[in-house]
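*Asks:* Our numbering runs 19 ahead of the 1-based position in the sequence shown.
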Amino acid sequence: MSARHDEGRGTGNEALPPGARSGFAAIDWSKPWFAPFAERGQRWQRAALTSYAALLAEMNADASKARQVTGRGQRLAFIAQDELPPGAAYEAHIASTGCVPTRHNLHDFFNASMWFAFPRIKAALNARQSAAIDLLGVGPTRGGVRDALTLFDENALLFACADPRLSAALRQFDWRTLLLQRRDAWGASGASCEVRCFGHALLEKLIAPFKACTGHAWIVDVPPAYFEWDAASRDAWLDEAVSAALLNTEALTSRMFAPLPVLGIPGWWPENETPAFYDDTSVFRAGRRADAKIGASKAGQAVAASAASAKEGEESPDSTGQGDG
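#1: From which residue to which residue does the beta strand (DSSP E) around Leu225 run?
#2: With H, G and I counted as helix, E and B as strand and the rest as coil, what does DSSP make of Leu282?
#3: Considering just the uninterrupted stretch of the beta strand (DSSP E) at Glu292, what are its terminal residues?
#4: Quick one: what's got a C-beta closer than 8 Å to Leu279's C-beta in the same chain, skipping five residues either side?
#5: Comparing alpha-carbon positions, which option in Met275, His112 and Leu185 lies nearest Ala210?
#6: Buried or exposed: Phe229, going by 16 or more other Cβ atoms within 10 Å of its Cβ?
#7: What is the rounded straight-line gap between the Cα of Leu197 and the Cα of Pro51?
#8: Assuming Ala146 contacts Ala114 under a Cβ cut-off of 8 Å, what Cβ separation, rounded to an integer in Å, is found between them?
#9: By how many angstroms is the C-alpha of Ala167 removed from the C-alpha of Leu75?
#10: Could you say if the stretch 134-143 and the stretch 82-91 meet the contact criterion of at least three C-beta pairs nearer than 8 Å?
#11: Please classify Glu173: is it buried, with 16 or more other beta-carbons within 10 angstroms of its beta-carbon, or exposed?
#12: Bridge partners for Asp240 per DSSP, in chain order?
#13: First and last residue of the alpha helix (DSSP H) that includes Pro120?
#14: Return the first residue and the last residue of the alpha helix (DSSP H) that Arg139 is part of.
#15: Identify whether Thr233 lies in helix, strand or coil by the three-state DSSP scheme.
#16: Of all the options Ala277, Asp203, Ala220 and His219, which has the alpha carbon lying nearest to the alpha carbon of Cys212?
#17: Where does the unbroken beta strand (DSSP E) through Arg86 begin, and where does it stop?
#18: Using a Cβ-Cβ cut-off of 7 Å (strictly less than) and excluding sequence neighbours within five positions of Ala311, which residues of its own chain qualify?
#19: Look up Ala204 in the DSSP assignment and give the residues it is bridged to.
#20: Who pairs with Phe97 in a beta bridge, going by DSSP?
#21: List the endpoints of the continuous alpha helix (DSSP H) containing Val302.
#22: To which residues does DSSP link Ala175 through a beta bridge?
#23: For the ligand ATP, is there a heavy atom less than 7 Å away from the beta-carbon of Asn174?
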């Protein structure tokens with residue numbers, strides 16, 4: 020269990036804790052990182068501002084309707100933090116019971132949101148995490164694979180891209196190509212790339228965005244037709260392809276991610292309309308080791324292979340899951 024899940028324990032019956040009201044009230048659903056989740060999120064937000072119990076009830080009503088499951092096929096449900104048995108590993112408990120211990124805070128609010136936005140990805144994360152716990156137990160360190168899974172769960176961006184030159188620019192820290200010279204690639208018409216926020220800790224940080232806020236981009240090679248689909252179809256495709264890659268890539272590593280400063284994404288922050296915004300080398304840094312680029316490339320290949328299998332009719336697990344929370 021993550022240490023963060025030892026904090027803020029509650030039964031679901033108490034009133035809103037100090038400071039939580041301002042946190043939930045601060046969610047601006049018009050922001051591009053929150054907007055894809057606004058329909059459900061606004062309803063949950065109203066419940067969260069009422070009480071802990073109201074929020075859990077709203078989450079469980081949605082879980083019941085969706086009939087989603089966790090990493091080992093257990094029906095998804097949300098429980099108060101105090102219902103997690105003493106000594107139980109957080110991920111293992113979710114996998115074996117379907118019950119997600121949830122606190123009355125923004126961190127767990129956004130975590131729960133991802134169970135509905137990308138249920139298969141969450142399932143894959145939970146399945147891999149719980150399998151690693153079964154094998155190695157819960158020790159002072161997670162190990163490389165669990166570290167990568169946790170990084171994904173907490174801080175990932177899904178970078179969907181149909182132009183290999185743009186993926187290469189991201190891997191190579193070529194910010195001027197990716198974010199300035201090819202701004203047209205991010206447009207509504209003729210788009211070649213886009214980003215979905217996934218990491219719930221990243222979403223929590225974006226309540227009060229700052230220039231250096233950086234996500235870990237998981238590069239997903241998508242077909243050109245992807246950008247002709249509606250948002251729901253694109254998200255379903257990403258959910259299928261990325262979950263398969265997470266399940267089938269044995270040697271997961273943090274080097275498979277490429278850092279991407281969130282406020283640099285074209286259209287996501289007014290100040291980046293000025294080219295000088297990208298001159299800040301403390302945020303838009305120069306490149307890193309070649310092996311990191313190789314790792315990112317392997318991640319993209321794994322997603323592409325999984326997507327191809329999905330197109331040929333292979334089944335993915337119809338389930339949901341989460342990282343260390």
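In this text, a Cβ means the ideal position worked out from N, Cα and C, and glycines have one as well.
The model shown is predicted, which means the values in this text are computed figures rather than measured ones.
*Replies:* Working from what's here:
#1: Counting along the chain, no beta strand (DSSP E) covers Leu225, and no H or E run does either.
#2: In this structure, DSSP gives Leu282 a helical state, which the three-state scheme calls helix.
#3: Neither: Glu292 is in no beta strand (DSSP E) and is coded neither H nor E.
#4: Hits under 8 Å: Leu176, Phe178, Leu189, Val214, Thr233, Gly234, His235 and Ala236.
#5: It is Leu185 whose Cα lies nearest to the Cα of Ala210.
#6: Per the 10 Å Cβ criterion, exposed.
#7: The straight-line gap from Cα to Cα measures roughly 18 Å.
#8: Contact between Ala146 and Ala114 is confirmed by a C-beta separation of about 7 Å, below the 8 Å threshold.
#9: Roughly 29 Å separates the two Cα atoms.
#10: Result yes; three or more Cβ-Cβ pairs closer than 8 Å.
#11: Glu173 should be labelled buried.
#12: Beta-bridge pairing links Asp240 to Cys180.
#13: Taken as a continuous stretch (DSSP letters only), Pro120 belongs to no alpha helix (DSSP H), being part of the beta strand (DSSP E) at Cys118 to Thr121.
#14: Taken as a continuous stretch (DSSP letters only), the alpha helix (DSSP H) holding Arg139 covers Pro138 to Leu155.
#15: Three-state result, Thr233: strand.
#16: Of the listed residues, the one whose Cα sits closest to Cys212 is Asp203.
#17: Per DSSP, Arg86 belongs to no beta strand (DSSP E) and is neither H nor E.
#18: At Ala311, the pLDDT of 43 sits below 50, so the modelled position is not reliable and the matter cannot be decided from this model.
#19: Answer by DSSP bridge pairing: none, since Ala204 is not bridged.
#20: Beta-bridge annotation (DSSP): Phe97 is paired with Val119.
#21: Taken as a continuous stretch (DSSP letters only), Val302 belongs to no alpha helix (DSSP H), as it is neither H nor E.
#22: The secondary-structure analysis by DSSP pairs Ala175 across a beta bridge with His235.
#23: Here there are no bound small molecules, and the ligand ATP is not part of this structure.
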